[in-house]
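The sequence shown begins at 1 in UniProt numbering and counts up by one.
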Amino acid sequence: MKTFCGRANPTTGAMEWIEEDENYDYHQEIARSRYADMLHDKDRNVKYYQGIRAAVSRVKERGEKAIVLDIGTGTGLLSMMAASAGADFCYAVEVFKPMANAAVNIVEKNGFGDKIKVINKHSTEVTVGPDGDMQCRANILVTELFDTELIGEGALPTYEHAHKYLVQEGCEAVPHRATVYVQLVESKRMWSWNKLFPVRVEAQDGEKVIVSPSEMENCPGVPSVCDIQLNQMPSSDFTILSDVVTMFSVDFSKPVRSASTSYRVQLEPVRSGKAQIVLSWWDIDMDPCGMINCTMAPYWVKSTSAFQWRDHWMQCVYFLPNEEPVVQGEKVSLLACRDEYSVWYKLQKARGEEENKAAARVESPVCRCQAHLLWNRPRFGQLNDQNRTGQYIKALMRVPKSESVCLCVSDGSLLPVLAHCLGAKQFFKANHLEDKIKIIETRPELLMSSHLEDKKVSVLVGEPFFTTSLLPWHNLYFWYARTAVSSHLTSNVTVLPQSASLHMMIVEFQDLWRIRSPCGTCEGFDVQTLDDMIQNSLNFRESKEAEPHPLWEYPCKSLSDPQEVFRFDFRETVPEHSLSTEGSIKISQKGKSHGAVLWMEYHLAADISVNTGLMQISNEKGNCEWNPHCKQAVYFFSSVIEAETLSDLPGDVTYAINFNTKTGEIAMDFKL
């Protein structure tokens with residue numbers, strides 16, 4: 001059976017009805033899941049196994065049967081660990097039906113069909129009793145319900161319900177407890193993901209400074225956590241203002257309350273500075289004594305020898321509502337508030353206990369300026385990138401000014417303000433910003449002469465940036481918009497950027513390959529069923545597509561030189577026919593060819609460009625530095641070829657890339 005799905009095409013801007021297989025959503029969910037990443041997390045798996053063995057032993061030592069409830073079982077791995085550790089029976093709850101079916105197959109295949117019952121329900125719908133899903137309450141509660149923020153996947157209400165209805169009082173829990181840690185830092189780089197910095201423009205009539213309006217400057221932002229791989233953040237990019245302190249703990253062996261609450265700790269700054277950021281992470285103790293510990297602590301807190309790469313649990317960056325000056329040795333009070341699913345922070349001067357109690361509840365921050373709703377964190381960083389802005393200023397200064405009528409097509413862009421500062425007579429913009437600039441609230445194809453006061457556009461500009469773009473080439477929407485407004489342009493119109501190019505390089509990933517690598521066996525259990533399931537979903541469509549990743553967080557090294565594979569000329573309209581290219585790229589470095597990385601460069605002028613991908617190859621080992629404000633496209637190869645010596649190099653990787661100008665989609669195929 002087929003179904004029609006409506007979508008806005010991110011490249012062409014058209015509303016489309018796409019005929020999809022009825023299993024499309026399911027295949028998307030599986031293909032883009034992080035199950036493989038979790039199963040490759042050796043540290044997590046070993047610690048869970050140790051904790052489960054210990055919990056089963058403690059129950060057996062009391063002369064009781066070990067009855068396990070495993071909520072969010074996924075593959076059934078933790079239930080199989082419990083059964084092999086001697087548990088008498090396990091109830092494995094999984095709400096996602098395809099995964100529940102896979103768990104049944106995996107459990108049977110590993111010989112635990114008589115010890116494990118897979119229940120395809122949400123845990124809050126599970127019943128207990130002679131005719132229920134569970135015959136009796138469990139005395140061991142095993143879960144893996146955590147995200148980077150700990151509580152973002154609904155762990156607290158799930159635990160709360162389980163203690164009320166599904167497990168015995170005084171049950172064993174694996175993990176036994178979770179502890180959240182915080183550290184106060186100052187960081188211009190991270191703060192640039194939250195506030196718009198002043199932009200200095202050197203114009204012919206002197207320097208001008210573009211500043212954000214006061215409602216944006218004073219806006220507390222949004223409470224959503226920024227989760228990143230903090231282990232890729234160099235220590236030179238932040239200044240530590242406090243020691244690491246425990247913010248709060250949750251004991252999972254006792255009844256858990258999910259109701260909104262707050263926690264307070266006193267911090268004594270170790271140096272003076274501007275408190276801007278709260279860095280946070282958590283660890284879990286698998287046993288009551290804390291001997292079996294799994295931690296997300298970043299590199300400057302724990303030794304790198306114990307470092308375990310994982311992408312399903314990272315570290316948190318929280319932005320304080322406003323930067324607060326702190327003085328070394330003068331205590332301050334950090335308040336953490338949470339609801340069922342999120343946490344937010346506020347810094348206060350240390351006060352008396354009664355005053356603190358009165359101010360203990362701080363409402364969740366609400367964005368008042370709209371910018372935090374329009375721009376994501378990387379977009380703030382991009383707008384604050386002075387080098388990038390400098391390239392646009394340099395290009396705009398070459399545009400004739402006296403009678404210029406300019407049209408900007410980009411989302412939430414500063415280009416209209418830059419051009420206005422540089423002397424354009426009139427500046428029309430399709431989306432956003434400022435009194436002296438006319439905002440035209442219409443789609444490019446609906447633009448009329450009356451919108452432009454019957455003037456012709458002599459300068460068409462765009463970054464280009466659009467909030468709907470996921471992959472680098474989605475911003476080619478600028479080309480389609482340029483085509484749609486052709487009748488409103490002068491014959492000698494200046495288009496900026498004048499062209500774009502698609503670039504590609506073959507790489508070896510340090511760790512990111514794990515999210516697409518089959519597991520086979522995990523801690524001695526056969527999970528091949530999951531590998532087959534993921535591959536089947538990838539073959540459904542996704543294996544023919546690239547996926548977006550912010551590669552500054554995922555180290556890789558180049559195995560080939562970067563190569564331009566496509567050029568798009570914005571001075572011309574989008575052609576009617578598809579664009580295709582074939583070629584080869586030579587592998588010149590030894591290593592594992594995990595995949596190809598693709599990115600765009602925008603050419604503002606012959607000698608001025610903006611790069612969204614590879615910034616430089618930093619050393620002879622081929623380590624890559626990537627644009628930190630953009631996601632690059634990664635195409636994982638279906639098989640990996642390893643060259644251990646230069647004589648083993650596989651030679652060329654051949655590629656065929658097709659840009660369908662009707663749909664705006666890029667299809668690619670690689671052969672090793």
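No residue lacks a Cβ here, since even glycine has one placed at the ideal position from N, Cα and C.
| Query | Result |
| --- | --- |
| Taking the alpha carbon of valine 399 as the reference point, which residue from Cys316, Tyr480, Asn105, Thr494 has its own alpha carbon closest? | Thr494 |
| Quick check: what's the CA-CA separation for leucine 407 versus glutamate 217? | 27 Å |
| Indicate whether at least one CB of chain D lies closer than 8 Å to the CB of methionine 504. | In the displayed structure, chain D is absent; only one protein chain is listed. |
| Per DSSP, which residues does phenylalanine 378 bridge with? Please list them. | The displayed chain sequence assigns proline, not phenylalanine, to residue 378. In DSSP, proline 378 forms no bridge with anything. |
| Excluding sequence positions up to five away, which residues of its chain have a Cβ less than 8 Å from the Cβ of glutamine 391? | Leu604, Ile608, Ser609, Val610 |
| For aspartate 43, which three-state DSSP category applies? | helix |
| Determine the extent of the alpha helix (DSSP H) in which methionine 190 is found, giving its start and end residues. | 188 to 191 |
| If you compare alpha carbons, which of Asp411, Arg443, Gly381, Thr468 is closest to arginine 189? | Gly381 |
| Taking C-alpha atoms, which residue in Pro562, Leu489, Pro518, Trp513 lies nearest to arginine 571? | Leu489 |
| According to the Cβ coordinates, are leucine 335 and valine 182 closer than 8 Å? | no |
| Buried or exposed: where does cysteine 289 fall if 16 or more other Cβ atoms within 10 Å of its Cβ makes it buried? | exposed |
| Count the other CB atoms within 10 Å of the CB of lysine 97; is the residue buried (16 or more) or exposed (fewer)? | exposed |
| What residues match up with valine 245 in a beta bridge as DSSP calls it? | Val182 |
| So lysine 590 and methionine 286 are supposed to be a Cβ contact under 8 Å. How far apart are they, rounded? | Not quite, the Cβ-Cβ distance comes to about 40 Å (not below 8 Å), so this is no contact. |
| Assuming glutamine 266 is part of the beta strand (DSSP E), what are its boundary residues? | 261 to 267 |
| Since alanine 203 and leucine 422 are thought to touch, with beta carbons under 8 Å apart, how far apart are those beta carbons, to the nearest angstrom? | 5 Å |
| Could you tell me the boundaries of the beta strand (DSSP E) in which phenylalanine 566 lies? | 563 to 569 |
| Taking the straight line between their C-alpha atoms, what separation do you get for aspartate 454 and proline 213? | 32 Å |
| Taking the continuous beta strand (DSSP E) assigned at cysteine 406, which residues delimit it? | 405 to 408 |
| Write down every uninterrupted run of the beta strand (DSSP E) in the stretch 581 to 648 whose length is 3 residues or greater and which is fully enclosed by it, in chain order. | 591 to 605, 608 to 611, 614 to 617, 624 to 626, 632 to 643 |
| Among Val95, Gly76, Val332, which has the Cα closest to the Cα of asparagine 110? | Gly76 |
| Tell me the DSSP secondary structure of phenylalanine 478 in three-state form. | helix |
| Name the one or two DSSP bridge partners that lysine 195 has. | DSSP, once it has assigned bridges, lists no residue as partnering lysine 195. |
| Is the beta carbon of isoleucine 52 closer than 8 Å to that of leucine 78? | yes |
| Tell me the DSSP secondary structure of arginine 368 in three-state form. | coil |
| Measuring only the C-alpha atoms, how far is proline 550 from glutamate 64? | 50 Å |
| Please name the residue or residues paired with alanine 500 in a DSSP beta bridge. | Phe568, Tyr602 |
| Closest to isoleucine 641 by CA distance: which of Val653, Ala633, Pro365, Val634 is it? | Val653 |
| Looking only at its own chain, which residues have a Cβ that is under 6 Å from the Cβ of alanine 371, when we skip the five neighbours before and after it? | Met216 |
| Going by beta carbon distance, what residues of the same chain come within less than 6 Å of asparagine 431, once the five residues before and after it are set aside? | Any reading at asparagine 431 needs caution, since the residue's pLDDT is 33, under 50, leaving its predicted position unreliable; the model's value is listed next. Counting only Cβ-Cβ distances below 6 Å, and skipping sequence neighbours, we find Asp411. |
| Nearest to lysine 349 by CA position, among Leu267, Leu414, Arg388, Arg310, is which residue? | Leu267 |
| Check whether the stretch 86 to 104 and the stretch 132 to 140 touch, using three or more Cβ-Cβ pairs below 8 Å as the test. | yes |
| Exposed or buried, what is valine 457 when buried is set at 16 or more other beta-carbons lying within 10 Å of its beta-carbon? | buried |
| Which residue wins for smallest C-alpha separation from lysine 208, given the options Met81, Gly132, Val417, Asn387? | Val417 |
| Using the rule of at least 16 other Cβ atoms within 10 Å of the residue's Cβ for burial, across every protein chain shown, is alanine 103 buried or exposed? | buried |
| Going by beta carbon distance, what residues of the same chain come within less than 6 Å of aspartate 251, once the five residues before and after it are set aside? | Arg177 |
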